[in-house]
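Asker:
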Amino acid sequence: MTVLSADFSTGQPIKLAAMDGYPLAATLYPAKSCLLGNLIVAGATGVQQRFYRRFAEYASRRGFSVLTLDYRGIGGSKPDSLKSFKMSYQDWGSLDLTAAVEYVDDGITPLYWIGHSFGSQALGLIPNHHKVTAAYCFGVGAGWIGWMPRLEAIKVRLLWSLIMPLIVSCKGYMAWSLLGMGDDLPLGVYRDWRRWCAYPHHLFDDPKMTAVAKNYAQVRIPCIFANAIDDRWAPPASRDAFIKGYSNAPLMVRNLSLDKAKGSIGHMGYFRESFSTFWDEALEWFAVQSPSEQPSPCRQAGASR
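Structural data, given as structure tokens:
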């Protein structure tokens, strides 16, 4: 998971307090035209918010006020040392993204959700998902190697069973950056992620997560889950295994085909500018999801704070 290097010159850096008060680095991209909606970008595991800058700028030009953030433990929300940093994987949803929804929601403007990988899973981890109007998610998957192509499954099995345990035992945290795969991750994230990826249906097969799984069943907003057929980490079969947890939401799925002229999509290509047609499809779909009983959101551009 290569993270793009980018500045935030077109966005407004803000400090966002998580639900437990933890300070999070976030960036607000105000709508550049008539405000169509507020939008939260819920990123992937170990991927800093700057990776989504191009998309956020694009969406802001299309009339959406966009919030991106670094989850606790990564990017601008990282503590001085990860070695003794305590948190669980769920915290990114229940504490960090929950706070993002509270910050952006104004009770009037439609609120939309763009999820990527973990960010697509996290919709069921937030207790205030009812405040979200609709969600468009890329690259969600259960993480189980049985859903992956054979060669990728062998690589991931080695990663979880040999490589990462050695790195974690030496470092005290998941030094993901040593493999060039993203930001380093706290120990709690590593333990949860590794455990859930051992199940065909991720956390839904974990007997310790029964209460959390019930929250997924309460999600009832329209959702589209789009996965590239060449996404080796989250192929369509892996997506289908996970989204069964959103049992009461109106779901649609899309299988994104490879365009040889543009190259591989993989697990990260959804947010490359060469695939901005995916962005158009998501934003155009959001534009027709606004509840008809709401007043026109065409007003002063900006988020609720």
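Residue numbering for the sequence shown follows my numbering, starting at 1229 and increasing by one per position.
Glycine is no exception: its CB is placed at the ideal position from the N, C-alpha and C atoms.
#1: Is the separation between the beta-carbon of Met1357 and that of Val1440 shorter than 8 Å?
#2: Per DSSP, which residues does Ser1389 bridge with? Please list them.
#3: Over what stretch of residues does the alpha helix (DSSP H) that includes Thr1337 continue unbroken?
#4: Might you give, ordered along the chain, the residues of its own chain that have their beta carbon closer than 6 Å to the beta carbon of Phe1346, omitting 5 neighbours on each side?
#5: Let me know the secondary structure DSSP gives Lys1442 once reduced to three states.
#6: Suppose you measure from the CA of Cys1365 to the CA of Ile1452; what does that come to, to the nearest Å?
#7: For Ile1449 and Ile1354, I'd like the C-alpha separation in whole angstroms.
#8: CB-CB under 7 Å to Ala1465, same chain, minus the five flanking residues each way: which ones, in chain order?
#9: Tell me the DSSP secondary structure of Arg1300 in three-state form.
#10: Between which two residues does the beta strand (DSSP E) carrying Phe1453 extend?
#11: For Met1480, which beta-bridge partners are listed by DSSP?
#12: Helix, strand or coil, according to DSSP, for Cys1498 in the structure here?
Answerer: On the basis of the supplied data:
#1: First, the residue type needs correcting, since residue 1357 is His and not Met in the sequence shown. No, these two residues do not count as a Cβ contact at 8 Å.
#2: In the DSSP output, where bridge partners are listed per residue, Ser1389 has none listed.
#3: That residue, Thr1337, is in no alpha helix (DSSP H); it is neither H nor E in DSSP.
#4: Ala1272, Thr1273
#5: Three-state result, Lys1442: helix.
#6: Looking at the two C-alpha atoms, the distance is approximately 6 Å.
#7: 13 Å
#8: Trp1375
#9: Coil at Arg1300, not helix or strand.
#10: It spans 1451 to 1456 - the beta strand (DSSP E) in which Phe1453 sits, taken as one unbroken run.
#11: Ile1452
#12: It should be pointed out that residue 1498 corresponds to Tyr in this sequence rather than to Cys. Tyr1498 falls in the helix class under three-state DSSP.
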